[in-house]
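> Residue numbers (our numbering): 13 to 290.
First, the structure itself, so that you have it in front of you.
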């Protein structure tokens, strides 16, 4: 098991080329936020935009559109009910995130099934939150497992893997990750990342980060990083590490670390680690 350090940030975060445009940094499509849990996908979208994705489109319940645009005018928005436009937008995505606040209704299941079935060989997929629960309950299958990232907390992993909390050892987690064939970001007080050859452990994180929306924000950062940097496990690991690094820095002077505060600090820290590459 490899302990992550600041070296992963220097390795992954690249200086932006002087001749570039928004398409250079990837198209991300985020799906989630039913009428009850709109905040989840808004936090994911904020993290995705502020981590540098070139174009971010959000597919969410119509009720959430005004709130999303008021907080994040940089994002485009599509209604969960607009099937034709959803299919068109998904066609152009480099990275798709599905699940934050999506809910467990039949319409959510249908949308997840569409995403899984129609994932392209060029697209990466991040499955979080409600989509993990739907995937587990309905025993769905993946089109491109090696290009799919699951981001469960331990209870979601128990449903997905069949492992109880006590059974979630590094060895057992590895076996179940290999069975799925995906990249696994197993969230806990010390998040661990598994792929087919590597196991990274994040040594950072603090109890101030134990608040609603923290996982949604992490999923958004992972999506933003995959949209613009190399699409591999190191990029995912860098997103995980930076999320906690900012959280630990904020916790020095704050009793509670808000997910939106981490997102707000992302551009500063990403610039910092590019400058320190010299």
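Where a beta carbon is used, it is the ideal one built from N, C-alpha and C, also for glycine.
Can you give, in chain order, each stretch of the alpha helix (DSSP H) that sits fully within the segment 154 to 192 and has at least 4 residues?
Entirely contained in the segment 154 to 192, the alpha helix (DSSP H) runs reaching 4 residues are, in chain order, 166 to 173, 182 to 192.
> Can the beta-carbon of residue 254 be found less than 8 Å from the beta-carbon of residue 234?
Indexing the chain shown from 1 puts residue 254 at position 242. Indexing the chain shown from 1 puts residue 234 at position 222. Contact: no.
> Mapping the DSSP letters down to three states, classify residue 151 as helix, strand or coil.
Position 139 of the chain shown, counting from 1, holds the residue named residue 151. If DSSP states are grouped into helix, strand and coil, residue 151 belongs with coil.
> Is DSSP giving residue 209 helix, strand or coil here?
In the chain shown, counting from the first residue as 1, residue 209 sits at position 197. Residue 209 falls in the coil class under three-state DSSP.
> Are the Cβ atoms of residue 144 and residue 168 separated by less than 8 Å?
The residue given as residue 144 occupies position 132 in the chain shown. The residue given as residue 168 occupies position 156 in the chain shown. Cβ distance < 8 Å, so residue 144 and residue 168 count as in contact.
> Select from 65, 42, 48 the residue whose C-alpha is nearest the C-alpha of residue 115.
Working through the chain shown from its first residue, we reach residue 115 at position 103. The candidate whose alpha carbon is nearest that of residue 115 is 48.
> Opposite residue 39 in the DSSP bridges: which residues?
As a working note, residue 39 is residue 27 in the chain shown. In DSSP, residue 39 forms a bridge with 67.
> Does DSSP classify residue 199 as helix, strand or coil?
Here residue 199 corresponds to residue number 187 of the chain shown, with the count starting at 1. Here residue 199 sits in strand by DSSP.
> Can you tell me where the alpha helix (DSSP H) with residue 53 in it begins and where it stops?
For the purposes of this step, residue 53 is taken as residue 41 along the chain shown, with counting starting at 1. Looking at the DSSP string, the run of the alpha helix (DSSP H) that includes residue 53 is 50 to 62.
> From 134, 52, 82, 20, pick the residue whose C-alpha is nearest to that of residue 239; which is it?
Numbered from its first residue, the chain shown carries residue 239 at position 227. Looking at the Cα atoms, 134 is the closest of the given residues.
> What three-state label does DSSP hand residue 15 in the structure shown?
For this step, residue 15 is matched to residue 3 along the chain shown. Residue state, collapsed to three classes: strand.
> Under the assumption that residue 207 contacts residue 52 (Cβ atoms under 8 Å), give the Cβ distance between them as a whole number of angstroms.
The count along the chain shown starts at 1 and reaches residue 207 at position 195. The count along the chain shown starts at 1 and reaches residue 52 at position 40. 26 Å between Cβ atoms; not a contact.
> Please classify residue 100 as buried or exposed, where buried requires at least 16 other C-beta atoms within 10 Å of its C-beta.
Residue 100 sits at position 88 when you count from the first residue of the chain shown. So residue 100 ends up on the exposed side.
> Can you give me the Cβ contacts of residue 185 inside the same chain, cut-off strictly under 8 Å, excluding the 5 residues immediately before and after it?
The residue labelled residue 185 in the question sits at position 173 within the chain shown. For residue 185, where only same-chain residues beyond five positions count, the Cβ hits under 8 Å are 169, 173, 175, 196, 198, 204, 206.
> Residues in the same chain with beta-carbon distance under 7 Å from residue 247, minus the five sequence neighbours each way, listed in chain order, please.
For the purposes of this step, residue 247 is identified with residue 235 of the chain shown, where counting begins at 1. Excluding positions up to five away in sequence, the list reads 24, 237, 238, 241.
> Could you give the residue range of the alpha helix (DSSP H) that holds residue 234?
On the chain shown, residue 234 is found 222 positions in, with the first residue counted as 1. Residue 234 -> alpha helix (DSSP H) spans 226 to 240.
> Would you mind listing the alpha helix (DSSP H) stretches within the segment 60 to 127 that are 4+ residues and don't spill past its ends, in chain order?
The segment 60 to 127 contains these whole alpha helix (DSSP H) runs: 77 to 83, 95 to 103.
> Check whether the segment 79 to 99 touches the segment 22 to 39, taking contact to mean three or more Cβ pairs, one atom from each stretch, closer than 8 Å.
No, they do not touch.
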